[in-house]
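Peer 1: Chains as they are written, first to last, in UniProt numbering: chain L, 1 to 475; chain E, 1 to 475.
Note that CB positions come from ideal geometry on N, CA and C, so glycine has one too.
These figures come from a predicted structure and were not determined experimentally.
Given below as structure tokens:
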């Protein structure tokens, strides 16, 4: 084990003074009221743990100095982006220093020739998306929480989102990073290049490592040419199975999809209600597909429109609606994007923890397992997700009969069981949220001992004293 | 340092007997004549080192047993695919066991629903490409040496090729692997899925690790829908700079390229001569672009054809030729693909070692550095490469005045210098060949000490006794 557990040292007044020296007194907080907001993420306040001190560096040098200090004094450090994660990855489990990257929020450069953006980790994803769009480019690595999430957090969790089917997860869009190691050393990895075989690809192992190996202080991000005209479809289905089969058929037909999302009846009801709208056939349909296609020419777009429409109808769609305007399209996407918020609006204690991935061919089986779990545990589950990626999000409503203090264990036990099913179907326990704190016991339970041992060895290679984001993943 | 150096043990008759027990007597060779072919790769015989024994396992169990034996007895093991590498990655520098994967050469499954192929590491890339094409699918991860290279070797080097600009390097197409660790433990990583955030992504660190972390015994590979109609262009230019600018302009115009290759006059002459053909304007043009575009509809193809043609002419192309038939297109590609073989046919001692990558915006500067090196060292250099990826291959002819025994040091010194230039331009020393044995001193010279230390820590996590492919990368 890497964890030092009780061997961590306390944050003393001397250390606070040194932190103030590094980041400036205004950027170091210890007041309970000021630091409370840094004690939890979107997994819910029920998982909160207070840091001893919050530090807000403004540049790489300051991050490095904080890490050197923490490494010398054996103080835990937890880096934090927007706190929009839902696996507890940014919760300071062992207290210590909470390193908030919120002040490092500049887009440093948009390099049109090499088609990259150079950004600091605290940039809000959507701000970058809007900025590059003005240059005729697109940042394709954004998650559903695009309006809040930071680029740094996206990198830490290898974030997904609606466009993974076409453009891949965040991993594919991170071409280079500057990263501060727990020792304070600063490494430059990758660059404004799209191919390399030059020693172990440390960039790749840091992406998705959930802030346990280093603190990303700069990122070089791939930009795609802005897409051509797009069309959004909304297709209600009488059953989830038929919706799944329609997606498989569309992909087999060679249609290039920009996005292919799924919501069950309950998800759709919550999310439309949240926006004071309705989906057509909302009371009859058991499932909705939201599909977006892009055409580089009008002919290509027409071809895709026809194929998607026909294939949906052939596979049981009750109707296929096409958004007639960009506003209409935007309204459909708003509903999908706020699925989780909408469920939380109905039940503030709802768990957003489900994020299983299975092979496309196994989605129906996975959905069945979710439905069975709902019956077995007598619980209401709303279901949505990135269906063409095999990635589903069951969201769990807290029944009144379960006391709040028993709820985290109760629901994580169900998630654990469903992750077991996903793994037995050839999948994994998380597609984009990560393991974080909430799923670490499940992760350790299902993964091979020898695999965990290798991961611990990698952790030691980066973080010999185990000070960075302790209590996550496998420790 | 991980290397045990002189602490490795010798292969004894008892160990040979045990190996014969594991793989069968016919699959264990010690006869000098039989094992000589395993002592070098395409970097040239001048770098050859003899193994003590060649073992040809036929399944994962046998690979695991060999690794357990070697780990127990501290015998070096070097895994080998087709031996088509050109960085010396498969050369058994410390002798010991040469583990040839040539008998594990089955395509186990083509899964059309999940769009993956499941293969053993000894499958020849082109065999897989042809097989999946019959199913209307494409394997896009292939390198230029597609007719010889094995899938296992492609994974070890994160191989590139002509289609990286559109589909990315091998990394993007490896969704899962079965890998035998140096301890003999077998890990399953990834799967028939395209997204995951489930602990450190060990799959990613193994891809491109040049056989130093584990032996891949199975791979789950992404398949793409077969492309629509394609058109190949051949465009002669009066200067390399103008060709580079044309490529940048085509990319800026948003044209999706399938491939975008470059050859200088000397490369073109060698390669056309090798095929008993000529390129148009071969005596006047200083550079040739070979560009392939794909259209999903005839209109899209026409649009791209027009844009590519116009943009090339605007940027100085002397003419733009379009292949009128698939045979004509095939003939152009044959010339490009055999660039290295053709140079070797003229000069068997030519070095194929150059593989720098720089940002697109720096290609002209990199090309200039190559031209200056040719003058400074009074040496002939043929230049080609994957220009739209910023990846160039300078190939070096041996001058008669340099004795053969001095040639490796002489040429690697030039490569070292050019890699220094690439790195100073924001690039790296290798895009697809790898560091292997030939570039390890250069790699260690230019990379930060703290980066190398982390890599060594990762090596230890996988291979505590340093038995797997010793003497490569950073040791």
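1. Please identify the residue among E:33, E:87, E:72, E:34 whose C-alpha is closest to the C-alpha of residue 18 of chain E.
2. Name the one or two DSSP bridge partners that residue 351 of chain E has.
3. Can you look up residue 22 of chain E in the DSSP assignment and give me helix, strand or coil?
4. Closest Cβ-Cβ distance between residue 433 of chain E and chain L: below 8 Å?
5. Which of the three DSSP states, helix, strand or coil, is assigned to residue 182 of chain L?
6. Considering only C-alpha positions, which residue in the set L:92, L:386, L:179 is nearest to residue 454 of chain E?
7. Could you tell me which residues DSSP puts in a beta bridge with residue 386 of chain L?
8. Just how far apart, CA to CA, sit residue 2 of chain E and residue 447 of chain E?
9. Take residue 292 of chain L as the anchor and find which of L:36, L:63, L:231, L:300 has the nearest alpha-carbon.
10. Could you pull out every residue in the same chain whose Cβ sits closer than 8 Å to the Cβ of residue 74 of chain E, ignoring the five residues on either side in sequence?
11. Against residue 359 of chain E, what residues of chain L qualify as contacts under a CB-to-CB distance less than 9 Å, listed in chain order?
12. Hey, quick one: how far does the beta strand (DSSP E) through residue 108 of chain E stretch, first residue to last?
13. Taking only the alpha-carbon atoms, compute the straight-line gap between residue 194 of chain L and residue 285 of chain L and give it to the nearest angstrom.
14. Does the beta-carbon distance from residue 202 of chain L to residue 181 of chain L come in below 8 Å?
15. Which ranges would you report for the beta strand (DSSP E) in the region 73–110 of chain E if only whole runs of at least 3 residues count?
16. Just to confirm the assignment, what range does the alpha helix (DSSP H) spanning residue 292 of chain E have?
17. Can you tell me whether residue 467 of chain L is helix, strand or coil according to DSSP?
18. Do you know how far the Cα of residue 312 of chain E is from the Cα of residue 492 of chain E?
19. Between the Cα of residue 192 of chain L and the Cα atoms of E:98, E:105, E:357, E:130, which residue gives the shortest distance?
20. So with CB distances below 9 Å, who are the chain E contacts of residue 187 of chain L?
21. What did DSSP end up calling residue 253 of chain L once you bin it into helix, strand or coil?
22. Should the region 22–32 of chain E be called in touch with the region 130–149 of chain E, which here means at least 3 C-beta pairs below 8 Å?
23. Which residues, in order along the region 296–314 of chain L, keep a beta-carbon less than 7 Å from a beta-carbon of chain E?
24. Suppose only complete runs of 3+ residues qualify. What are the beta strand (DSSP E) ranges in the region 131–214 of chain L, listed by chain order?
25. At a Cβ cut of 7 Å, what residues of the region 159–171 of chain E count as close to chain L, listed as they run along the chain?
26. Cβ closer than 9 Å: which chain L residues qualify as neighbours of residue 389 of chain E?
27. Could you tell me which chain E residues have their CB closer than 7 Å to the CB of residue 225 of chain L, listed as they occur along the chain?
28. Quick one: complete beta strand (DSSP E) runs, 3+ long, within the region 25–69 of chain E?
29. List the residues of chain L whose Cβ lies closer than 8 Å to the Cβ of residue 443 of chain E, in chain order.
30. What would DSSP say about residue 232 of chain L, mapped onto helix, strand or coil?
31. Determine the DSSP secondary structure at residue 117 of chain L, reduced to helix, strand or coil.
32. Suppose you measure from the CA of residue 218 of chain L to the CA of residue 59 of chain L; what does that come to, to the nearest Å?
33. For a test of the three-state rule: what should DSSP assign to residue 381 of chain E, helix, strand or coil?
34. Under 7 Å Cβ to Cβ from residue 410 of chain L, same chain only, skipping five residues before and after it: list those, please.
35. Quick one: residues in its chain with C-beta nearer than 8 Å to the C-beta of residue 186 of chain L, no 5 flanking neighbours on either side, listed in chain order?
36. For residue 359 of chain E, does the count of other Cβ atoms within 10 angstroms reach 16, so buried, or fall short, so exposed?
Peer 2: Per the coordinate set shown:
1. Within the second chain, residue 18 of chain E is the residue found at index 18, counting from 1. Nearest Cα to residue 18 of chain E within the set E:33, E:87, E:72, E:34: E:72.
2. Locating residue 351 of chain E in the second chain gives position 351, counting from the first residue. E:396.
3. Within the second chain, the letter at position 22 stands for residue 22 of chain E. Helix.
4. Reading the second chain from its first residue, position 433 is the one you call residue 433 of chain E. It does: the Cβ of residue 433 of chain E has a partner Cβ on chain L nearer than 8 Å.
5. Within the first chain, the letter at position 182 stands for residue 182 of chain L. Coil, per DSSP.
6. The residue you call residue 454 of chain E lines up with position 454 of the second chain. Closest by alpha carbon: L:179.
7. Taking the first chain and counting its residues from 1, the one referred to as residue 386 of chain L is at position 386. Residue 386 of chain L is bridged by DSSP to L:391.
8. For this step, residue 2 of chain E is matched to residue 2 along the second chain. For this step, residue 447 of chain E is matched to residue 447 along the second chain. Any reading at residue 2 of chain E must be qualified, since the residue scores a pLDDT of 45, below 50, and its modelled position is unreliable; the value itself is stated next. Taking the straight line joining both Cα atoms gives about 18 Å.
9. In the first chain, the residue the question calls residue 292 of chain L occupies position 292. Considering only alpha carbons, the answer is L:231.
10. Residue mapping note: residue 74 of chain E aligns to position 74 of the second chain, counting from 1. 4, 7, 8, 9, 465, 467.
11. Taking the first residue of the second chain as 1, we reach residue 359 of chain E at position 359. Neighbours of residue 359 of chain E across chain L, judged by C-beta separation under 9 Å: 111, 113, 114, 116, 191, 192, 193.
12. For the purposes of this step, residue 108 of chain E is taken as the residue at position 108 of the second chain. 107–111 is the extent of the beta strand (DSSP E) around residue 108 of chain E.
13. Stepping through the first chain from its first residue, residue 194 of chain L is reached at position 194. Stepping through the first chain from its first residue, residue 285 of chain L is reached at position 285. Answer to the nearest angstrom: the Cα atoms are 44 Å apart.
14. Translated into positions along the first chain, residue 202 of chain L becomes position 202. Translated into positions along the first chain, residue 181 of chain L becomes position 181. The criterion of a C-beta distance shorter than 8 Å is not satisfied by residue 202 of chain L and residue 181 of chain L.
15. You should have 77–80, 97–100.
16. Along the second chain, read from residue 1 onward, the residue named residue 292 of chain E stands at position 292. Annotation for residue 292 of chain E: no alpha helix (DSSP H) segment contains it, though the beta strand (DSSP E) segment containing it runs 287–295.
17. Counted from its first residue, the first chain places residue 467 of chain L at position 467. Coil, per DSSP.
18. Because chain E in this structure spans residues 1 to 475, residue 492 of chain E falls outside the shown range and cannot be described.
19. As a first step, residue 192 of chain L is located in the first chain; it is residue number 192 there, counting from the start. Out of E:98, E:105, E:357, E:130, E:357 has the C-alpha closest to the C-alpha of residue 192 of chain L.
20. Indexing the first chain from 1 puts residue 187 of chain L at position 187. Residues of chain E passing the Cβ test: 448, 450, 451, 454.
21. Reading the first chain from its first residue, position 253 is the one you call residue 253 of chain L. Residue 253 of chain L sits in coil when the DSSP states are folded into three classes, being neither helix nor strand.
22. No, the region 22–32 of chain E does not touch the region 130–149 of chain E.
23. Within the region 296–314 of chain L, the qualifying residues are 296, 297, 299, 300, 303.
24. Whole beta strand (DSSP E) segments, 3+ residues: 174–180, 186–190.
25. Flagged, chain order: 160, 164, 169.
26. For the purposes of this step, residue 389 of chain E is taken as the residue at position 389 of the second chain. What residue 389 of chain E touches in chain L: 193, 194, 195.
27. Reading the first chain from its first residue, position 225 is the one you call residue 225 of chain L. In chain order, 254 make up the part of chain E whose C-beta sits under 7 Å from the C-beta of residue 225 of chain L.
28. Listed in chain order, the complete beta strand (DSSP E) runs (minimum 3 residues) inside the region 25–69 of chain E are 53–55.
29. The residue given as residue 443 of chain E occupies position 443 in the second chain. Under the 8 Å cutoff, chain L gives 198, 199.
30. Start at 1 with the first residue of the first chain, and residue 232 of chain L comes out as number 232. In the structure shown, residue 232 of chain L falls within a strand segment according to DSSP collapsed to helix, strand and coil.
31. Position 117 of the first chain holds residue 117 of chain L. In the structure shown, residue 117 of chain L sits in a strand (DSSP, three-state: E or B).
32. Taking the first residue of the first chain as position 1, residue 218 of chain L is located at position 218. Taking the first residue of the first chain as position 1, residue 59 of chain L is located at position 59. For residue 218 of chain L and residue 59 of chain L, the distance between alpha carbons rounds to 10 Å.
33. On the second chain, residue 381 of chain E is found 381 positions in, with the first residue counted as 1. Reduced to three states, the DSSP call for residue 381 of chain E is strand.
34. Here residue 410 of chain L corresponds to residue number 410 of the first chain, with the count starting at 1. Same-chain partners within the cutoff: 402.
35. Reading the first chain from its first residue, position 186 is the one you call residue 186 of chain L. Cβ neighbours of residue 186 of chain L beyond the five flanking positions: 60, 64, 178, 179, 180, 217.
36. In the second chain, the residue the question calls residue 359 of chain E occupies position 359. The C-beta of residue 359 of chain E has 16 or more other C-beta atoms within 10 Å across all chains shown, which makes the residue buried.
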